[in-house]
Amino acid sequence: QGRRSFGSEAREVHVAQHKVGPQGHGRKLNAWTQWGELKECVVGVADNACFPPVQPAMIPEINDPVLRNVLGEWPRGRKSQRCIDAANQELDNLVNVLEGEGVKTLRPEVMDWSQPLRTPLFAVENQYVACCVRDTVITVGKTAIEAAMSRRDRYFEILAVRQILRDLWREDPEMLWKAAPKPSMADDMYDLSWWDWTDEERYEHMHKYRYCINNEEPIFDAADITRCGKDIFVQPSMTCNYAGIEWLRRELAPQGIRVHSAHFPYDLAPSHIDCTFVILGPHLVLTNPERPIADRDAEFWKENGWQFVDCGQPDNPERPAFSQSSKWLSMNIFVIGPGKVIVEEQEKGLQNLLKHQCGFTTVIPIPFRNVFEYGGSLHCSTWDTRREDDMVDLFP
Ligand code: ABU
């Protein structure tokens, strides 16, 4: 066989020599559900965080009116070290809590996000941060999928977890690694007129599910997706269009995975399903009282025996001055196993609901409000790489 360089045996030798094939260390990528026993996950980092630049996918606003008057305009460049340290302290504590629960944790690489970025089609003065890893990549069964994100400052955020992806792929011969087509992020990918609509106009159009991106290229953030075994549900949003959902459908259909869209018409500027519709376990969903699921979608869930439990109003509805997320980060909880969940420490009402009405026996409160500045809470800032679960069929 020695010199037949294109024969299959020779190719295997070549693969092994160059360390690109399975290394057989026994780690597995696996996550079919939102509730299987968590064994390994990535927790984000706030290092070198910058303010997101104004761009077609995001026109940020300062929440605090006093500060808005003082600053006059949206800040630029690096965030303060104090703000970064405060978030990192809470993220590190989450790591300790997870390790204490027997979950192996991994961290993104620390990168310099203050660098400007220029492609042939757009330029931004700086990048963002690798805190909300949930947005950039998702595990669907045995496949890792890199998202097709809409924000220009997040174009290269995936690089912070590429080494983790490479290591997993080498070690797990069954793992599939897919990356959605990198969006152009050119001006014509966006619908800038959406930003000029009043709330009344957005309300009038709410059943069209059209936001600041158009439908020309597949776009989705990984956090627009939630998993229920054989079925995954994806929310059209500011960060996800129907082309993105169709891309997921075509890629995952050969594995027997059914991709559904999930609609929440009363959220007039939605992004990410994990503050709106949070799967707690088989047949149980925590729902957002201000963002009910569309009637036709609700029927499908209920026909299949699912129950919805409304989350109460947040105990602390305050949003940090520069956070672009809603008060509903309160329900961005992290289910780490059947009956086991991590919740922000100030959300006492939700902790009680989970204990007394949703069957959770272990509810772990931890401080996390300093991470809200970066647009996410406990679920957003994690990416589960291994859960003990299977491709269950809960929509037979
Ligand atoms: N990153 C999750 C944000 C969702 C929300 O603002 O409700």
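The sequence shown begins at 1 in the numbering used here and counts up by one. Beta carbons: idealized from backbone N, C-alpha and C, even for Gly.
- Residue ranges of uninterrupted beta strand (DSSP E) with 3 or more members, entirely inside the stretch 268-335 and ordered along the chain, are 277-281, 284-287, 307-310.
- In this structure, Lys39 and Val103 form a Cβ contact; the two beta carbons are roughly 6 Å apart against a cut-off of 8 Å.
- The beta carbon of Asp274 sits closer than 7 Å to at least one heavy atom of the ligand ABU.
- Excluding the 5 residues flanking it on each side, Met206 has same chain C-beta neighbours closer than 8 Å at Pro265, Tyr266, Leu268, in chain order.
- Looking at the backbone, the Cα of Asn63 and that of Lys327 are separated by about 11 Å.
- When only Cα atoms are considered, Ser80 and Ala46 end up about 11 Å apart.
- Between the ligand ABU and the CB of Ser330, the shortest heavy atom gap is not smaller than 7 Å.
- Cβ contact annotation for Arg68 (same chain, cutoff 7 Å, sequence separation greater than five): Ile62, in chain order.
- With respect to the C-alpha of Leu159, the residue from Pro173, Ser325, Val137 having the closest C-alpha is Val137.
- A residue is called buried once 16 or more other Cβ atoms fall within 10 Å of its Cβ, and Gly141 is buried on that count.
- Each residue's CA atom was taken as its position, placing Pro60 and Gln324 some 7 Å apart.
- Boundaries of the alpha helix (DSSP H) around His356: 348-357.
- Close CB contacts of Met185 within its chain, under the 6 Å cut and outside five residues either way in sequence, are with Phe122, Arg152 (chain order).
- One thing to note: Arg134 has its Cβ no nearer than 8 Å to the Cβ of Cys311.
- Distance from the CA of Ser114 to the CA of Glu303, rounded to the nearest whole angstrom, comes to 50 Å.
- Within its own chain, the residues whose Cβ lies closer than 8 Å to the Cβ of Val392, once the five positions on either side in sequence are excluded, are Trp32, Thr33, Cys228, Gly229, Lys230, Pro282, listed in chain order.
- Under the three-state reduction of DSSP output, Gln81 falls in the helix class.
- Bounds of the alpha helix (DSSP H) holding Ile245 are 242-252.
- Here Met58 is bridged, per DSSP, to Gln55.
- Of the other Cβ atoms in all chains shown, fewer than 16 fall within 10 Å of the Cβ of Trp195; this residue is therefore exposed.
- If you check the CB distance, Pro236 and Tyr209 come in under 8 Å.
- Proximity of the beta carbon of Cys380 to the ligand ABU is indicated: a heavy atom of the ligand is located closer than 7 Å.
- Sequence-distant partners of Ala262 (beyond 5 residues in either direction) whose C-beta falls short of 7 Å from its own C-beta, in its chain, are Phe233, Val234, Gln235, Ile273, Phe277, Ile293, Asp297.
- The residue from Pro108, Met58, Val42 with its alpha-carbon nearest to that of Asn48 is Pro108.
- Annotation: Ile245 to Pro183 spans about 14 Å, alpha carbon to alpha carbon.
- With a threshold of 7 Å, the Cβ atom of Ser325 counts as near the ligand ABU, since some heavy atom of the ligand is closer than that.
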